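Engineer: Take this structure, written in structure tokens, and hold onto it; I'll ask about it next.
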Amino acid sequence: MIRERRITSDKSAELAQVLESLIDFSQVTQVVEVGCGRGRLAIRMAGLVGGRGHVLGLDTSKEVLGLAAREARAERVSNVTFDLGDARSLRLPDGGADLVVCSSLLCSLKEVETVVREMLRITRKGGVVAIAEPAGEQSCRDPDSRRFTYLSAKLNSAFVRGWKRRGVDQHVGLKVPEILLRLGVKDIAAEAVCQVFLMSDLRRTLEDVEGQLRTESSRLPAPTLALVGRGGMTRKEVEQHHAMARRKLADFMSSPEEIRGSGYVRVTSPLLVFAGRVPE
Ligand SMILES: C[S@@+](CC[C@H](N)C(=O)[O-])C[C@H]1O[C@@H](n2cnc3c(N)ncnc32)[C@H](O)[C@@H]1O
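In the working numbering, the protein residues as written are 8 to 287.
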């Protein structure tokens, strides 16, 4: 029998569960997340450390920090703060944090080792560094449209190639263990977060399916358009992919239940999670 468990497309929730399974949060009070983005993981970690602890989320984007602070207020989480901070050169003292985390940050930077060194520097001896980074491409299959399947695969490859042209590795997750070992980190444990969105999966609510389709059909921001252009995807192909995704969303909105008969499936890029202890 299939259980009734509800599943969602919330990657941060899954990542927080993995971190909770790897790390003894009862020993953690000060947490720093570098490259925290909209703060979803930081807010969840604030729940894990509870009233006795505090989470500081750092990012270089004022815009996402504003969104993160708004989300924390909306969720009435008071033991998390967000601030400007560059992961390559953190303005924090040595050894002040029990746990330092990053997620999908190294995959947007060239200076991977510099960032890991900074993360280790601000972690106390015996504390934990946890790094969650991608290690592959998304894949998707739409049994009703070979063209959409082809364009989705091309878009993902172009994204990876576009970053590579800038010297940034979208598969950087695979390099993390060797870097951690070289820098003396001990007792490294590995897990993965990888999500499968089968549109017909009855454990997913229709709201969740709608959210996923909205994400897939949203317009690419100008910098991403330029990036995938450099990676080999023409503007015309991007437009066609977008139009097909919009049509899929419109079809869903007009008869949502029909999605339950669809074999459309999307697999996210696996996020490799490594957690290790900073030596005493
Ligand atoms: C792909 S997003 C990931 C956000 C979030 N950690 C998540 O998993 O959803 C990368 C984030 O890193 C931030 N970022 C990029 N370069 C940075 C740097 N040098 N220092 C700190 N944050 C940086 C970006 O502003 C962005 O919010």
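Glycine included, every Cβ here is placed at the ideal spot set by N, Cα and C. This one's a predicted model, so the numbers in the text were calculated from it and none came from an experiment.
When every heavy atom of ligand 1 is checked, does at least one fall within less than 7 Å of the C-beta of L48?
Structural biologist: Answer for L48: yes, Cβ within range of ligand 1.
Engineer: Taking the alpha helix (DSSP H) that F32 belongs to, which residues open and close that run?
Structural biologist: Segment: none, F32 is in no alpha helix (DSSP H) and carries neither H nor E.
Engineer: Are there 16 or more other CB atoms within 10 angstroms of the CB of K255, so buried, or fewer, so exposed?
Structural biologist: With 16 or more other Cβ atoms within 10 Å, it is buried.
Engineer: Could you please give the first and the last residue of the uninterrupted beta strand (DSSP E) stretch that includes K193?
Structural biologist: Unbroken beta strand (DSSP E) run through K193: K193 to V200.
Engineer: Does I266 come out as helix, strand or coil in the three-state DSSP assignment?
Structural biologist: I266: helix per DSSP, three-state reduction.
Engineer: Please report how far the alpha carbon of L112 lies from the alpha carbon of V175, in whole angstroms.
Structural biologist: Those two C-alpha atoms are separated by around 11 Å.
Engineer: Look up E140 in the DSSP assignment and say whether it is helix, strand or coil.
Structural biologist: Looking at E140 - three-state DSSP - the assignment turns out to be strand.
Engineer: DSSP three-state call for D105: helix, strand or coil?
Structural biologist: DSSP places D105 in strand when its eight states are reduced to three.
Engineer: List the endpoints of the continuous alpha helix (DSSP H) containing H249.
Structural biologist: Here the alpha helix (DSSP H) through H249 covers R242 to S261.
Engineer: Would you mind sorting M52 into buried or exposed? The rule is 16 or more other CB atoms within 10 Å of its CB.
Structural biologist: Buried, by the Cβ-count rule.
Engineer: Can you list the alpha helix (DSSP H) stretches of 4 or more residues lying completely in the segment 48-91, in chain order?
Structural biologist: Fully enclosed alpha helix (DSSP H) runs of 4 or longer: 69-81.
Engineer: Per DSSP, what kind of secondary structure is A227 in: helix, strand or coil?
Structural biologist: Contrary to the premise, residue 227 reads as Leu rather than Ala in this sequence. Here L227 sits in coil by DSSP.
Engineer: Check whether the Cβ atoms of A257 and E223 lie closer than 8 Å to each other.
Structural biologist: Cβ atoms of A257 and E223: not closer than 8 Å.
Engineer: Using 8 Å for Cβ pairs, my map puts V39 next to N86. What's the rounded Cβ distance?
Structural biologist: Not confirmed; about 13 Å, so no contact.
Engineer: Measuring straight from C-alpha to C-alpha, what distance separates E78 and G46?
Structural biologist: Their backbone Cα atoms lie some 8 Å apart in a straight line.
Engineer: Quick one: using the 10 Å Cβ neighbour count with 16 as the cut-off for buried, is E120 buried or exposed?
Structural biologist: Exposed, because fewer than 16 other Cβ atoms sit within 10 Å of the Cβ of E120.
Engineer: Measure the C-alpha to C-alpha separation of K18 and V200 and round it to an integer number of angstroms.
Structural biologist: Spanning the two alpha carbons is a distance of roughly 8 Å.
Engineer: Any heavy atom of ligand 1 inside 7 Å of the beta-carbon of D66?
Structural biologist: Correct: D66 has its Cβ closer than 7 Å to ligand 1.
Engineer: Starting from V203, trace the alpha helix (DSSP H) both ways and give me its first and last residue.
Structural biologist: Element bounds for V203: not the alpha helix (DSSP H) but the beta strand (DSSP E), V203 to L205.
Engineer: Could you work out which residue in I50, K69, A75 and Q37 is closest to R59 when comparing CA atoms only?
Structural biologist: Ranking I50, K69, A75 and Q37 by Cα distance to R59 puts Q37 first.
Engineer: Extract the residue ranges of the beta strand (DSSP E) inside the segment 133-183, only unbroken runs of 3 or more that lie entirely within it.
Structural biologist: Runs of the beta strand (DSSP E) inside the segment 133-183: 146-148.
Engineer: With distances taken Cα to Cα, identify the nearest neighbour of E27 among A282, A81 and E287.
Structural biologist: Answer by Cα proximity: A282.
Engineer: Within 10 angstroms of the Cβ of V203, are there 16 or more other Cβ atoms? Answer buried if so, exposed if not.
Structural biologist: Exposed, by the Cβ-count rule.
Engineer: Taking all protein chains shown into account, decide if E287 is buried (16 or more other Cβ within 10 angstroms of its Cβ) or exposed.
Structural biologist: Classification for E287: exposed.
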